[in-house]
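What follows is a single structure, written as structure tokens, with notes after it.
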Amino acid sequence: MGDASPIPERGGSSPVGPVSEIGVEEVAFWRQKFHLFENLVIRIPGPFDTVSDFRSGEVPVYEGFFESGFRDQVPSLIAEVSRAVNISPGQLNPPAWKILIAMRNLGDLEGLVVWVSEVLYCYSVSLLNGGERRYHLYPRGQMLPVQELSRSEKKQIRFLKGTGHRRLLLCLF
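Under full-length UniProt numbering, the residues of the sequence shown are numbered 1 to 173, in order.
Next comes the structure, spelled out in structure tokens:
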């Protein structure tokens, strides 16, 4: 996909970055490269379509979404966060999708449940500059989402070594 000339400005808003031309050949390439289902409808946007112009039930996607594992349905955490902040899943930029997919995958691997409240505790959903109503996840701060142990609680913690793993043992007295 090559860079095309920028879209003329409409309503005082400028494009976020260089515009890509997407044609039938690119869609066919995506279907083959990412093993997309044949019943998945891919509509090529018009020259003046923006993220906020898509119809109900449509999700504008970027090639980066396919690279991060997106195939036929929006991952549940992305859909839940989008619904909570009242935006379309396609309005989140690709790095936001990657963060949310990574959070869900880490939660699955570690046996943790990651809900919208945990995501919104750590990140705020902020509007990107550029006027296309695209959003990104912005870290809220460097504070950990857990409380630090008091000095007396730290004395009650014992570490055990065994089978190559460090195990934490909380001794209750």
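Even glycine gets a Cβ: it sits at the ideal position worked out from N, Cα and C.
* **Straight-line gap, Tyr135 to Ile99 (C-alpha atoms, nearest Å)** => Each residue's Cα considered, the two are about 13 angstroms apart.
* To do: Within 10 angstroms of the Cβ of Leu92, are there 16 or more other Cβ atoms? Answer buried if so, exposed if not.
  => Answer is buried; the Cβ neighbour count reaches 16.
* To do: Would you mind stating whether Leu128 and Ala96 have Cβ atoms separated by less than 7 angstroms?
  => no
* Please determine, among His35, Ser88, Trp30, Ser76, the residue with the shortest C-alpha to C-alpha distance to Gly107. => Ser76
* Asked: Mind checking whether Phe34 and Phe66 have CB atoms under 7 angstroms apart?
  -> yes
* To do: List the DSSP bridge partners of Pro139.
  => Tyr123
* Could you tell me which residues DSSP pairs with Leu92 in its beta bridges? => Beta-bridge pairing links Leu92 to Tyr135.
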